[in-house]
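Enquirer: Got a structure for you, written out below as structure tokens; questions coming shortly.
Protein chains in written order, with the working numbering: chain A, 38 to 353; chain B, 35 to 357.
Next comes the structure, spelled out in structure tokens:
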């Protein structure tokens, strides 16, 4: 359904061009949940913002191809993109407060979104807003449509934003860290809701997060990003039970567990993720990798197999 | 083990809103009659969701906030009534590390000055001595002595937190209150800081209060854990006892809600999904504060507020019907 090929996103800075995304290719199939995991600055958000056509800064160069149901999105006029966005592809952000305007009620905001894409009456749109709020488990939806965002709790706001994203039955939903700002008990509710809605609406979901635990709960397939490239991808069960890339392995090892013996020290990855303007040549993870050898001076490729890693140890 | 710190019936109230707002002035009980003691050398994990009062309690314990009620005894001294001047010598023994190091480190001062400031104030050292001690501290937290001349923006998030830790341990404290020290860091860097804190604790005989919302990190670092909900402690005890068999339904739900990165175990864990959100502390529910979300609440829970009681001769839980 979505085909991204060799996507490159560069920012022009005073110190020269900074390549935030360096040759990322991936597909999203209909009805699946693709988990995108990575640390801050790994490019997970920027790559999906490019897909959404939400990078409009003139200092940014987007290269490569993004095809949605066969249609090329790179270079698509803003007007065409707007028809697609919200209707076919919807997005949920980390902070629901920035996605909602504080001066209108949530019912008004959901109805506006529906009426922007469908020609129905205000009355019908309001009814649809009530139905949507009920669907995302907001108690008393008849009353809730008259509330302003500041009158809702964080979890309720995120539900309202999800309701808005689902209002036009999008076939692709991009969720960018939708639970990061929430408490764990509310996060569990939202994850449950996303799973339920995905089943009912049969939308494909791209779920961006830095939390390996959340990915293990929700995704069908996983894509691990590091310094603007995909380092490993595969089916969730395969990737978690047999991680190939040293970064994925180390990341999983560094998470403290909830059960079993507590190690005296956690296994940790030395150093920190590279800065955007100062990325190592060759494999970006090599300076922090325990298994690096001469070959790592050049960039490893990601073969096109089911479960694969961009690493010279895995694919000599 | 000797008791190093004791908080008795501590409350902290804030006044919110103004007399001109629609609701008028309201009282918010951020910390509501909390008692706990911390033994020398242990790490007490303080967990709970946002708004439960864990950070407020941490700030009350270091007297960054004035408490509304109660007593704080640190190292045999009642510090709750002391004036700021009287508190000064004690501050060296009682330090704090904050969540966001870029906000707690002055961007216009060099790292050497930031770490050296407590030495100048508390240890009354001269320039030479301060420079030597700063180099020693930087090495101790895994940075290099020549970092002393740099500014905080030249460092990554993990390195900045190391600077914050170096500043806290500079004056040989006994107790450090760590307020979410790793939650702003990337996963791969979190483990480094968690290990650093464990190493320093061993080397310097430190006692920690570790405030966090991430239960798996708290389990890794703590000897005991206190779970807070709406300003009160609902369960407190040894980390092994509470994780093996939580007595309070809230603790059980909190542990079960943590997403499990181990795919083999993920399917086997039973998950309790609580309904609703944490109620507002301005207008808390009657009886047990947790009853509107509790899966096993009964009439008694709506009327009568439970107190902390020993359960299974191990942990203490504030519940009428402990699990």
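Just so you know, even glycine gets a beta-carbon here, dropped at the ideal spot from N, CA and C.
For a contact meaning CB atoms closer than 7 Å, what does residue 295(B) contact in chain A?
Expert: Per Cβ cutoff of 7 Å: 249, 250, 253, 289 and 292.
Enquirer: Give me the Cα-Cα distance between residue 320(A) and residue 196(B), rounded to the nearest whole angstrom.
Expert: Straight-line Cα distance between these residues: approximately 27 Å.
Enquirer: Does any residue of chain A bring its CB to less than 8 Å from the CB of residue 246(B)?
Expert: False, the Cβ-Cβ gap to chain A never drops below 8 Å.
Enquirer: On the CB-based measure, 16 or more other CB atoms within 10 Å of its CB, does residue 262(B) come out buried or exposed?
Expert: With 16 or more Cβ atoms within 10 Å of its Cβ, residue 262(B) is classed as buried.
Enquirer: Which residues bound the alpha helix (DSSP H) around residue 191(B)?
Expert: Per DSSP, residue 191(B) belongs to the alpha helix (DSSP H) from 191–203.
Enquirer: Using beta carbons (cut-off 8 Å, strictly below), is residue 316(A) in contact with chain B?
Expert: For residue 316(A), the answer is no, since every Cβ of chain B falls outside 8 Å of its Cβ.
Enquirer: Give the DSSP-derived three-state secondary structure of residue 4(A) in the structure shown.
Expert: Because chain A in this structure spans residues 38 to 353, residue 4(A) falls outside the shown range and cannot be described.
Enquirer: Can the beta-carbon of residue 103(A) be found less than 8 Å from the beta-carbon of residue 97(A)?
Expert: Their beta carbons are not under 8 Å apart, which means residue 103(A) does not touch residue 97(A) by this criterion.
Enquirer: Measuring straight from C-alpha to C-alpha, what distance separates residue 194(B) and residue 75(A)?
Expert: Residue 194(B) and residue 75(A): Cα-Cα distance of roughly 21 Å.
Enquirer: Residue 143(A) to residue 335(A), Cα distance in whole Å?
Expert: Going from the Cα of residue 143(A) to the Cα of residue 335(A) covers about 51 Å.
Enquirer: Which residues in the same chain as residue 326(A) place their Cβ atom closer than 6 Å to its Cβ, once the five residues preceding and following it in sequence are excluded?
Expert: Cβ within range, chain order: 283.
Enquirer: Could you please give the first and the last residue of the uninterrupted alpha helix (DSSP H) stretch that includes residue 88(B)?
Expert: Unbroken alpha helix (DSSP H) run through residue 88(B): 88–95.
Enquirer: Does any residue of chain A have a CB that is nearer than 8 Å to the CB of residue 83(B)?
Expert: Taking Cβ atoms only, chain A reaches closer than 8 Å to residue 83(B), which makes this a yes.
Enquirer: On a Cα-Cα basis, can you pick out the residue from 162(A), 176(A), 186(A) and 200(A) that is closest to residue 404(A)?
Expert: Lying outside 38 to 353, the shown extent of chain A, residue 404(A) is not represented and no answer is given.
Enquirer: Answer with yes or no whether the minimum CB distance from residue 277(A) to chain B is below 8 Å.
Expert: Answer yes: the Cβ-Cβ gap between residue 277(A) and chain B drops below 8 Å somewhere.
Enquirer: Between the C-alpha atoms of residue 288(A) and residue 45(A), what's the straight-line distance to the nearest angstrom?
Expert: Going by the C-alpha atoms only, they are around 25 Å apart.
Enquirer: Report buried or exposed for residue 88(B), applying the criterion of at least 16 other Cβ atoms within 10 angstroms of its Cβ.
Expert: So residue 88(B) ends up on the buried side.
Enquirer: Which residues, in chain order, does the segment 214–228 of chain A contribute to contact with chain B at a C-beta distance below 8 Å?
Expert: So the close ones are 220, 221, 222, 223, 224, 225, 226 and 228.
Enquirer: Our contact map puts residue 38(B) next to residue 74(B) with C-beta atoms below 8 Å; I'd like the distance itself, whole angstroms only.
Expert: Right, their Cβ atoms sit about 4 Å apart.
Enquirer: Taking 7 Å as the limit between beta carbons, can you name the residues of its chain near residue 138(B), skipping five residues before and five after?
Expert: For residue 138(B), where only same-chain residues beyond five positions count, the Cβ hits under 7 Å are 132 and 198.
Enquirer: For the alpha helix (DSSP H) that residue 276(B) lies in, which residues bound it at each end?
Expert: From DSSP, the alpha helix (DSSP H) with residue 276(B) extends over 273–278.
Enquirer: Relative to the alpha-carbon of residue 346(A), which residue among 190(A), 303(A) and 268(A) has its alpha-carbon at the smallest distance?
Expert: When only C-alpha atoms are compared, the closest one is 268(A).
Enquirer: Looking at the unbroken alpha helix (DSSP H) that takes in residue 136(B), where does it start and where does it end?
Expert: Start and end: 135–138.
Enquirer: Residue 84(A) lies in the alpha helix (DSSP H); which residues open and close that run?
Expert: Counting along the chain, the alpha helix (DSSP H) containing residue 84(A) begins and ends at 81–88.
Enquirer: If you drop the 5 nearest sequence neighbours on each side, which residues of the same chain put their C-beta closer than 8 Å to that of residue 323(A)?
Expert: Cβ neighbours of residue 323(A) beyond the five flanking positions: 317, 329, 333 and 334.
Enquirer: Of all Cβ atoms in chain A, is any one closer than 8 Å to the Cβ of residue 265(B)?
Expert: It does not: the Cβ of residue 265(B) has no partner Cβ on chain A nearer than 8 Å.
Enquirer: Quick check: the Cα distance between residue 118(B) and residue 95(B), rounded to an integer number of angstroms?
Expert: Taking the straight line from one Cα to the other gives about 14 Å.
Enquirer: By alpha-carbon positions, which one of 55(A), 51(A), 344(A) and 222(A) ends up nearest to residue 315(A)?
Expert: Minimum Cα distance to residue 315(A) is reached at 55(A).
Enquirer: Please list, in chain order, the chain B residues whose beta carbon lies closer than 8 Å to that of residue 193(A).
Expert: Chain B residues near residue 193(A): 311.
Enquirer: Using a Cβ cut-off of 7 Å, which residues of the segment 37–48 of chain B contact any Cβ in chain A, in chain order?
Expert: Answer set for the segment 37–48 of chain B: empty.
Enquirer: Relative to the C-alpha of residue 135(B), which residue among 59(B), 214(B) and 55(B) is closest?
Expert: Closest option to residue 135(B), Cα to Cα, is 214(B).
Enquirer: Need the endpoints of the beta strand (DSSP E) that residue 71(B) sits in, please.
Expert: First-last of the beta strand (DSSP E) with residue 71(B): 60–73.
Enquirer: Run through the DSSP bridge pairs and tell me what residue 53(A) is partnered with.
Expert: 50(A).
Enquirer: Which residue marks the beginning of the beta strand (DSSP E) containing residue 122(B), and which one marks its end?
Expert: Residue 122(B) -> not in any beta strand (DSSP E); alpha helix (DSSP H) instead, spanning 118–125.
Enquirer: Inspect the beta-carbon positions of residue 255(B) and residue 228(B) and report whether they are closer than 8 Å.
Expert: Contact flag set, yes.
Enquirer: What does DSSP give as the partner residue(s) for residue 266(B) in the beta ladder?
Expert: Answer is 263(B), bridged to residue 266(B).
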